[in-house]
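Worksheet: the structure to be examined is printed underneath.
In the UniProt record's numbering, the protein residues as written are 1 to 254.
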């Protein structure tokens with residue numbers, strides 16, 4: 001030690017340690033914990049029951065206080081509603097009111113309808129949405145998938161299902177997706193894989209895809225078949241007529 005060395009007095013008293021613990025929970029989990037007598041164990045028992053509106057209001061007030069004090073950070077969730085045109089007018093009314101809440105999540109809706117009737121009413125509206133609800137949404141512009149995009153989507157779908165596709169099978173599925181629709185092409189990946197397992201192979205081949213295509217119709221071929229053999233199906237009035245025997249006599253049932 002040199003002449004420049006300085007000594008400081010050792011600190012006295014208890015040693016205090018500050019630890020910051022962050023818990024990530026959803027508002028629903030907080031509601032469940034506070035709505036049941038068993039508290040935290042209700043999350044594991046599954047017996048959540050109905051959560052009273054009073055409990056929700058108290059939780060929202062408390063969470064707002066934590067946010068003001070800097071004890072909590074609210075991260076909005078995302079609610080995805082597919083086939084949103086299937087909702088009726090009462091559902092839209094509830095969603096419209098829920099979106100005005102301070103803790104409302106980000107809502108993403110998908111629909112493939114143009115002008116459609118709003119369920120529960122006699123009115124028609126774009127995408128089957130009420131006009132007051134339609135004014136509040138931001139519509140995302142979409143375009144048809146290209147061949148390369150369809151191929152990538154089908155490859156990802158096969159990877160998620162742990163299915164090995166041969167390059168030729170993937171090319172055929174891509175062609176089916178372009179000529180029919182992407183959902184149908186995705187569905188026959190599973191049926192083709194079942195055929196592959198039946199012949200105890202490891203990779204889906206073109207033959208498997210072709211056989212699935214022959215066994216399971218897409219909507220266009222199904223409509224064509226119905227139009228071709230319309231008289232053999234039962235109509236709206238319960239009547240059916242079809243030809244039996246070689247002489248072509250028709251038998252009618254009602």
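The beta-carbon is built from N, C-alpha and C at its ideal position, and this holds for glycine as well. For clarity, every value in this text was computed on a predicted model and none was experimentally measured.
Taking residue 177 as the centre and dropping the five residues before and after it, the same chain places the C-beta of 150, 154, 185 closer than 7 Å to its C-beta, in chain order. For residue 192, the CB contacts under 6 Å within the same chain, skipping 5 residues up- and downstream, are 204, 208, 209, 212 in chain order. In the structure shown, the three-state DSSP call for residue 93 is helix.
DSSP lists 204 as the bridge partner or partners of residue 165. Contact between residue 35 and residue 18 does not hold, since the beta-carbon distance rounds to 33 Å and is not under 8 Å.
Cβ-Cβ separation between residue 110 and residue 84: approximately 7 Å, consistent with a contact (criterion under 8 Å). It is roughly 10 Å from the alpha-carbon of residue 57 to the alpha-carbon of residue 31.
Residue 96 and residue 108 have their alpha carbons spaced roughly 13 Å apart.
The straight-line gap separating the alpha-carbon atoms of residue 88 and residue 200 is approximately 48 Å. Within the same chain, 174, 178 come within 7 Å of residue 147 by CB-CB distance, once the 5 residues on both sides are set aside. Within the segment 92-153, the runs of beta strand (DSSP E) at least 3 residues long that lie entirely inside it are, in chain order, 106-109, 115-117, 124-126.
Distance from the CA of residue 77 to the CA of residue 68, rounded to the nearest whole angstrom, comes to 20 Å. Going by beta carbons, residue 161 and residue 189 fall inside the 8 Å limit. DSSP, read as helix, strand or coil, puts residue 213 in helix.
DSSP places residue 15 in the coil class of the three-state scheme, outside both helix and strand. Our two residues, residue 131 and residue 140, have alpha carbons roughly 17 Å apart in a direct line.
In this structure, residue 198 lies away from residue 164, with their beta-carbon atoms at least 8 Å apart.
For residue 78, the enclosing beta strand (DSSP E) starts and ends at 78-81. Excluding sequence positions up to five before and after residue 106, its CB lies within less than 8 Å of the CB of 76, 77, 78, 79, all in the same chain and listed in chain order. Sixteen is the threshold: when 16 or more other Cβ atoms of the shown chains lie within 10 Å of the Cβ of residue 127, as they do, the residue is buried. For residue 22, the closest alpha carbon among the candidates 92, 229, 134, 70 is that of 70. Relative to the Cα of residue 91, the nearest Cα in the group 183, 129, 194, 4 belongs to 129. For residue 99, the closest of 27, 218, 136, 24 by C-alpha to C-alpha distance is 136. Put simply, the backbone Cα of residue 120 is about 12 Å away from that of residue 93. Per DSSP, the unbroken alpha helix (DSSP H) holding residue 62 starts and ends at 53-69.
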